[in-house]
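Asks: Pasting a structure here, questions to come.
Numbering (my numbering), first residue to last: -15 to 290.
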């Protein structure tokens, strides 16, 4: 699937009058522009903000990557050429995942180089990211540690993640899909490894079963509190176990896709099927919380001594 494409020169504008019959080079440039191969920009600065968003192998959604394995690049472009993002990969069979966070730099001549020091498996290396006309090509040159079982390496050609299915595709998938209950159980099973790997697993399961007296799948399908929909008081929360207060505080961030550097927090929320890791810490929007979340976060932060 990983196809190596030639770099395409992206420039901004060609003045049509500049293409004369006697200027072979300009004629060729205008011909290529008409065919959509590249655009001559003269001295104007190129803007790469159109690349902001989510890119993955085969356009898979994040949910599909978690279920089937794959690679995803989250891009944020500021000021035309200032890149920040996160590269995420996951294996289908083992469900092992690797993340390179806080990728940043200036895009120059349609490419970016970034040296990373950890992919969650102790490996370091260099990323080479190329911005093509309708895809992003990523090469990961990894200095893999001898005792590392996994990591990010190789090359990936990524396209925009699919937002919706065509009618034909949706119909085909509907004919072949499992019912909703089976899909839910499958999602829970796929993420159970993360949940059990968290240091909080035993305590939080005991809390759901013996304090809340909930013995179904609510612990991984529902958040601990509805902190995005209602105001909580200190009186309502202060008697909760300290771990629950700690998780409830971080749950406000997790609801919006915050990617945690703490492995226990990340594993815990990865085990919750409502969680969709989206933003590295440096990319997390400052204004993303609603009025309920802001008020509840203030109380929980004061109570959190975990």
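Every residue gets a Cβ at the ideal spot worked out from N, C-alpha and C, and that includes glycine.
Since this is a predicted model, take the numbers as computed values, not measurements.
#1: Count Cβ pairs between the stretch 179 to 189 and the stretch 209 to 222 that sit closer than 8 Å; are there 3 or more?
#2: DSSP puts residue 125 in a beta bridge; with which residues?
#3: Could you check what DSSP says for residue 149 in three-state terms: helix, strand or coil?
#4: Return the CA-CA distance between residue 144 and residue 281, expressed in angstroms with no decimal places.
#5: CB-CB under 6 Å to residue 71, same chain, minus the five flanking residues each way: which ones, in chain order?
#6: Could you tell me the alpha carbon to alpha carbon distance between residue 60 and residue 197, rounded to whole angstroms?
#7: Compute the minimum distance between the beta carbon of residue 120 and the heavy atoms of the ligand HEM, and state whether it is under 7 Å.
#8: Where does the unbroken beta strand (DSSP E) through residue 227 begin, and where does it stop?
#9: So, residue 256 versus residue 189, is the Cβ gap smaller than 8 Å?
#10: Would you kindly check if the distance between the Cβ of residue 139 and the Cβ of residue 123 is under 8 Å?
#11: Can you grab the Cα-Cα spacing for the pair residue 207 / residue 235, in whole Å?
#12: Determine the burial state of residue 175: buried for a count of at least 16 other Cβ atoms within 10 Å of its Cβ, exposed for fewer.
#13: Determine whether the beta carbon atoms of residue 232 and residue 209 lie at a separation below 8 Å.
#14: For a test of the three-state rule: what should DSSP assign to residue 283, helix, strand or coil?
#15: Could you work out which residue in 244, 43 and 94 is closest to residue 64 when comparing CA atoms only?
#16: On the criterion of 16 or more Cβ atoms from any shown chain inside 10 Å, does residue 101 qualify as buried, or is it exposed?
#17: Can you name the residues that DSSP bridges to residue 99?
#18: To the nearest whole angstrom, what separates the beta carbons of residue 74 and residue 49, a pair I think is in contact under 8 Å?
#19: Please list, in chain order, all residues of the same chain as residue 279 whose beta carbon is under 7 Å from its beta carbon, the five residues on each side excluded.
#20: If you draw a straight line from the C-alpha of residue 248 to the C-alpha of residue 82, how long is it?
#21: Got a sec, what are the start and stop residues for the alpha helix (DSSP H) residue 52 sits in?
#22: What number of angstroms, rounded off, separates the C-alpha of residue 244 from the C-alpha of residue 285?
#23: Going straight from the alpha carbon of residue 274 to that of residue 228, what length do you get?
#24: Check residue 94 in the structure and name its three-state DSSP category.
#25: Measure from the alpha carbon of residue 39 to the alpha carbon of each residue in 166, 32, 120 and 272, then state which is nearest.
#26: Determine, using beta carbons only, whether residue 251 and residue 46 come nearer to each other than 8 Å.
#27: In chain order, what residues of the same chain have a beta carbon less than 7 Å from the beta carbon of residue 43, not counting five sequence neighbours either side?
Replies: Let's see:
#1: The stretch 179 to 189, when compared against the stretch 209 to 222, does not touch it at the 8 Å Cβ threshold.
#2: Looking at the DSSP output, residue 125 shares a beta bridge with 110.
#3: Caution is warranted here: a pLDDT of 45 is assigned to residue 149, below 50, making its placement in the model unreliable, and no coordinate value can be reported.
#4: For residue 144 and residue 281, the distance between alpha carbons rounds to 34 Å.
#5: Once the five neighbours on either side are set aside, the close Cβ partners of residue 71 are 57 and 84.
#6: Residue 60 and residue 197: Cα-Cα distance of roughly 43 Å.
#7: This structure simply doesn't include the ligand HEM, nor any ligand for that matter.
#8: Note, residue 227: premise wrong, no beta strand (DSSP E); alpha helix (DSSP H) at 226 to 238.
#9: The Cβ atoms of residue 256 and residue 189 lie no closer than 8 Å to each other.
#10: Their beta carbons are under 8 Å apart, which means residue 123 touches residue 139 by this criterion.
#11: Whole-angstrom Cα-Cα distance: 7 Å.
#12: The residue in question, residue 175, is buried, as its Cβ has 16 or more Cβ neighbours within 10 Å.
#13: It is a contact, given that the beta carbons lie within the stated cut-off.
#14: Residue 283 falls in the helix class under three-state DSSP.
#15: Of the listed residues, the one whose Cα sits closest to residue 64 is 94.
#16: Exposed is the call here.
#17: Partner(s): 110.
#18: Right, the Cβ-Cβ distance comes to about 6 Å (below 8 Å), so this counts as a contact.
#19: Residues 215 of the same chain have their beta carbon placed closer than 7 Å to that of residue 279, with the five preceding and five following residues left out of the count.
#20: CA-to-CA, the gap between residue 248 and residue 82 works out to about 15 Å.
#21: Residue range 46 to 52 is occupied by the alpha helix (DSSP H) that includes residue 52.
#22: Going from the Cα of residue 244 to the Cα of residue 285 covers about 17 Å.
#23: Rounded to whole angstroms, residue 274 to residue 228 spans 21 Å at the Cα level.
#24: In this structure, residue 94 counts as coil in the three-state DSSP scheme.
#25: It is 120 whose Cα lies nearest to the Cα of residue 39.
#26: The beta carbons of residue 251 and residue 46 sit no closer together than 8 Å.
#27: Within the same chain, residue 43 has close Cβ partners 143, 144, 145 and 146.
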